[in-house]
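Reviewing the structure listed below.
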Amino acid sequence: MSEITMLDPTSELSPVEKQLLPRLEGLGDATVGLLDISKPRGKEFLDEVQRQLEESGAKVKRYA
Numbered sequence: 001m002s003e004i005t006m007l008d009p010t011s012e013l014s015p016v017e018k019q020l021l022p023r024l025e026g027l028g029d030a031t032v033g034l035l036d037i038s039k040p041r042g043k044e045f046l047d048e049v050q051r052q053l054e055e056s057g058a059k060v061k062r063y064a
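Just so it is clear: in the sequence shown, position 20 is 20 by the working numbering, and no numbers are missing.
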């Protein structure tokens, strides 16, 4: 597996190496939160993301 570098937006002084969680088998039991940050056409974008997630079986919660 290839190595992935993720940047942490917090102001930690000494970065700590963390393991990634295993991938989900599917989205059937998952709940996904979508945050609307009031960008132009953001609602339309999140509507489409929500539609696709729900088609995959996920439950979606929207936050503004």
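Here a beta-carbon is modelled for each residue, glycine too, at the ideal position from N, C-alpha and C.
Going by the CB atoms, is the gap between residue 57 and residue 13 shorter than 8 Å?
-> Contact: no.
Which one of 11, 53, 62 has the shortest CA to CA distance from residue 29?
-> Ranking 11, 53, 62 by Cα distance to residue 29 puts 53 first.
Could you check the C-alpha separation between residue 15 and residue 3 for me, to the nearest Å?
-> The alpha-carbon separation between residue 15 and residue 3 amounts to approximately 16 Å.
Out of 31, 37, 6, state which residue places its alpha-carbon closest to the alpha-carbon of residue 19.
-> Nearest in C-alpha terms to residue 19, of all of 31, 37, 6, is 6.
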